[in-house]
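Numbered per the working numbering, the sequence shown spans residues 3 to 294.
All residues carry an ideal CB built from backbone N, CA and C; glycine is no exception.
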Amino acid sequence: SEDWKKVLRIFHELGVPQVTFTGGEPTLREDLVDLVSEAQKLGMVSGIVTNGTLLSEDLSRRLAEAGLDYAQITLESKDPYIHDSITGVRGSWERTVRGIKNMVNTGVYVSVNSTLLKMNSPTILDTIRFVAELGVHGYSLNRVIYSGRATLDMEPSFEEMMNIITEAKELAIELDLDFTWYGVTRYCEMDPINAGLGLKFCSACSINLAVEPDGTVIPCQSHYLKLGNILRDRWMDIWYSKECLSIREAAYVGDACKSCPLLTFCRGGCPLEAEVRNYPLKPPEVEPHELP
Numbered sequence: 003s004e005d006w007k008k009v010l011r012i013f014h015e016l017g018v019p020q021v022t023f024t025g026g027e028p029t030l031r032e033d034l035v036d037l038v039s040e041a042q043k044l045g046m047v048s049g050i051v052t053n054g055t056l057l058s059e060d061l062s063r064r065l066a067e068a069g070l071d072y073a074q075i076t077l078e079s080k081d082p083y084i085h086d087s088i089t090g091v092r093g094s095w096e097r098t099v100r101g102i103k104n105m106v107n108t109g110v111y112v113s114v115n116s117t118l119l120k121m122n123s124p125t126i127l128d129t130i131r132f133v134a135e136l137g138v139h140g141y142s143l144n145r146v147i148y149s150g151r152a153t154l155d156m157e158p159s160f161e162e163m164m165n166i167i168t169e170a171k172e173l174a175i176e177l178d179l180d181f182t183w184y185g186v187t188r189y190c191e192m193d194p195i196n197a198g199l200g201l202k203f204c205s206a207c208s209i210n211l212a213v214e215p216d217g218t219v220i221p222c223q224s225h226y227l228k229l230g231n232i233l234r235d236r237w238m239d240i241w242y243s244k245e246c247l248s249i250r251e252a253a254y255v256g257d258a259c260k261s262c263p264l265l266t267f268c269r270g271g272c273p274l275e276a277e278v279r280n281y282p283l284k285p286p287e288v289e290p291h292e293l294p
């Protein structure tokens, strides 16, 4: 706990305005409330990304009293069977929904996130209606992140995803929910700017870094490349390491992307996906973009 308070102080001194406790599962930590309280004392915005299964009334209340600003809770579907099939834990749907209700009751800003998959895509709109009834403030969708057990056949086609996202955004707005699309794509395959979803690119080593329990710094919570250790190494040595620079400058993109006028915006998509797909094909002809 003291090491993590030191980590928070280091980032505060560096001018980092926001910290998100994620995982793994952050609610497994017995000192989570203390860490949220420390972030609040430092004037940092604090949030958690959680599956919600351990958000009891008591823990939710204590997190709120400690100064938690927001909670993003993962619910993969309104359908309990689909949700439990995706999480691989029988009964997780019921515990997650209970956690959502408990956190909503504290008054903390609560959003629900789903990963857009073939399995749950037919239920996305019903899921939005369901969480709106629970009283959440926002709903978001994300893509599969190609790490761990993720495979290329898990998600719908780009065309199917765009249709679902468009309908989801319209419904969320109708139900007075904030809507966010987090997915990172190559814009030649799926363009979020033209769809009114905003500028989306890989934020790893750019506006976002992750710190593991032992202080190891990695590009994001799904990218396990070790950049250094915040408890031992100088911050500038981590931020300007060749590994961090490589990701920040999108050195991982293929030759087809390097001459593309959209590279400035999409930065070649997710580096983890680039490794899996290998992007051997030249992207189609595209027009330059202007920021909205």
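Any beta strand (DSSP E) of 3 or more consecutive residues that is wholly inside the segment 121-182: 140-144
Taking C-beta to C-beta, are V18 and L233 nearer than 8 Å? no
How long is the line joining the alpha carbons of L119 and S62, rounded to whole angstroms? 29 Å
Within the continuous alpha helix (DSSP H) that includes S205, where are the two ends? Note, S205: premise wrong, no alpha helix (DSSP H); not H, not E.
Mark S116 as exposed unless 16 or more other C-beta atoms lie within 10 angstroms of its C-beta, in which case mark it buried. buried
Rounded to whole angstroms, what is the Cα-Cα separation between E277 and G137? 39 Å
For the beta strand (DSSP E) that contains T266, what are its first and last residues? Where T266 is concerned, there is no enclosing beta strand (DSSP E), although the alpha helix (DSSP H) it sits in stretches over 265-268.
Locate the beta strand (DSSP E) running through Y72, then write down its first and last residues. 72-76
Mapping the DSSP letters down to three states, classify Q20 as helix, strand or coil. strand
Please name the residue in L56, Y148, V21 whose C-alpha comes closest to that of P273. Y148
Contact between the segment 49-59 and the segment 16-34 is defined here as three or more beta-carbon pairs at a separation below 8 Å; is this criterion met? yes
Looking at S3 and D33, is the spacing between their C-beta atoms short of 8 Å? yes
Just list the residues that DSSP pairs H225 with in beta bridges. C222
DSSP state of V38, grouped into three classes? helix
Looking only at its own chain, which residues have a Cβ that is under 6 Å from the Cβ of Y83, when we skip the five neighbours before and after it? none
Can the beta-carbon of R145 be found closer than 8 Å to that of E162? no
Leaving out the 5 sequence neighbours to the left and right, which residues in its chain are closer than 6 Å to T218 when beta-carbon positions are compared? K228, N231
For R131, which of G101, E172, R97 has the nearest alpha-carbon? E172
Rounding to the nearest angstrom, what Cα-Cα distance links N210 and F203 in this structure? 11 Å
Short of 6 Å in beta carbon distance, which residues of its chain neighbour H85, apart from the five on each side in sequence? Order them along the chain. E78, S79, W95
With a CB to CB cut of under 7 Å and the five nearest residues on each side skipped, what residues in its chain are close to K103? L136
Quick one: Cα of K260 to Cα of A252, how far? 9 Å
Where does I195 fall in DSSP's three states? coil
Compute the Euclidean distance between the alpha carbons of P282 and G200, then round it to the nearest angstrom. Because the pLDDT at P282 is just 44, under 50, the model does not fix this residue reliably, and the point stays unresolved.
Sort out for me which residues DSSP pairs S94 with in a bridge. Paired residues: none, contrary to the question.
Measure the C-alpha to C-alpha separation of D36 and C246 and round it to an integer number of angstroms. 30 Å
Let me make sure I understand the geometry here. Which of Y141, T22, Y226 has the alpha-carbon closest to that of D178? Y141
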